[in-house]
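Asks:
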Amino acid sequence: MKKQLRGLFCAAALAAVMALPARAAEQTHRAYLCGYPDGSIQPGAPVTRAQLACALVRLAEEPLPEPERVTFFDVPGDHWACAQIGKLTGLGLLPFGDGGWFLPSAAVSWRELCGVLDTLADSETGREIFPALTGAWEEKTVFEAGQGSAAGSAAVSRAELARAMNSLLSRSPDREDAQLRAAAWYWDNQDETAWYYADLIEAAVDHTCRVPVAAEQWTGIG
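Okay, so the sequence shown: first residue is 610 according to our numbering, each after it adds one.
(1) Over what stretch of residues does the beta strand (DSSP E) that includes Arg819 continue unbroken?
(2) What is the residue span of the beta strand (DSSP E) that Trp827 lies within?
(3) Count the CB pairs spanning the stretch 790–798 and the stretch 637–654 that are closer than 8 Å, and state whether there are at least three.
(4) Does the stretch 807–816 touch the stretch 667–687, meaning 3 or more C-beta pairs lie closer than 8 Å?
(5) Roughly how many angstroms lie between the CA atoms of Ala640 and Ser776, to the nearest whole one?
(6) Check whether the Cβ of Ala654 lies closer than 7 Å to any heavy atom of the ligand SAH, and answer yes or no.
(7) Identify whether Gln636 lies in helix, strand or coil by the three-state DSSP scheme.
(8) Pick out the complete alpha helix (DSSP H) segments inside the stretch 640–700, 4 residues or longer, and give them in chain order.
(9) Please classify Tyr806 as buried or exposed, where buried requires at least 16 other C-beta atoms within 10 Å of its C-beta.
(10) Run through the DSSP bridge pairs and tell me what Ser766 is partnered with.
(11) Can you tell me the Cβ-Cβ gap for Leu778 and Ala803, rounded? I've got them flagged as a contact below 8 Å.
(12) Per DSSP, what kind of secondary structure is Glu811 in: helix, strand or coil?
(13) So, does the stretch 706–716 touch the stretch 730–745, judging by three or more C-beta pairs under 8 Å?
(14) Is it buried or exposed for Thr657, if we count other Cβ within 10 angstroms and need 16 for buried?
(15) In the DSSP assignment, what residue or residues form a beta bridge with Ala716?
(16) Spatial neighbours of Glu811 within its chain, please: CB distance less than 6 Å, with the 5 preceding and 5 following residues excluded, ordered by chain position.
(17) Distance check for Leu642 and Thr680, CA to CA, integer angstroms please.
This is the structure we're talking about:
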């Protein structure tokens, strides 16, 4: 009788364990948007060409191959984004820089951002380095950041870039996540009701997470 009960108990326990949802695999999400020395993240500021170059280099999933040497009159060797700009333009992955001028501080429009993603997706090198990003773009994943301006000349804000990239990369930050809220380091991103609150933290902080169906659960910072 005891053996029968033990067998029934083991069978029930095994069935209960098998009925549990599979534990989501842990992922590492690398930050791709940097803050400013004054402790701000500047959600409403336009994304510049230099900032976009740095964001893309941080999002690379494979090491960037050695690029051709490309120089610009307005990107000297001591420019803070010189290396990133040189790598991407040397690989033909940034459609900027005609006439020897890169205009690193120029705002990036929605049309230009779409052009950059088209360039990455149309390039074998781009697809190898950015498989998730280009794969999502080729599937025509919808940008949910702008308000009807995704095909226009309106400048992309830093908050909009975070929302757009997170959407393409299937990053789904949860504003109620305790660890995410603990990483709200920038003084101008403290409003938990702002539409960009969680997206900017997601974009600006290295972290590990598990991604169930609804939204990702942070498991560590850094």
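Even glycine gets a Cβ: it sits at the ideal position worked out from N, Cα and C. In this text, all values refer to a predicted model and were calculated from it rather than measured experimentally.
Replies: So, from the listed chains and residues:
(1) For Arg819, the enclosing beta strand (DSSP E) has its first and last residue at 816–819.
(2) Element bounds for Trp827: 826–830.
(3) Counting Cβ pairs under 8 Å, three or more are found: they touch.
(4) Segments in contact, no.
(5) Distance from the CA of Ala640 to the CA of Ser776, rounded to the nearest whole angstrom, comes to 15 Å.
(6) With respect to small molecules bound, the structure shown includes none, and the ligand SAH cannot be examined in it.
(7) If DSSP states are grouped into helix, strand and coil, Gln636 belongs with the strands.
(8) Restricted to the stretch 640–700, the alpha helix (DSSP H) segments that are unbroken, complete and at least 4 residues in length are 658–668, 691–699, listed in chain order.
(9) It is buried - the Cβ of Tyr806 has at least 16 other Cβ atoms within 10 Å.
(10) DSSP output for Ser766 lists Pro655 as bridge partner(s).
(11) In fact, because the Cβ distance is near 21 Å, the residues do not count as touching under 8 Å.
(12) Three-state result, Glu811: helix.
(13) The stretch 706–716 is not in contact with the stretch 730–745.
(14) Per the 10 Å Cβ criterion, buried.
(15) Within the DSSP bridge table, the entry for Ala716 names Thr657 as partners.
(16) Closer than 6 Å at Cβ, skipping near neighbours: Asn775, Arg780, Pro782.
(17) In a straight line, the C-alpha of Thr680 is about 24 Å away from that of Leu642.
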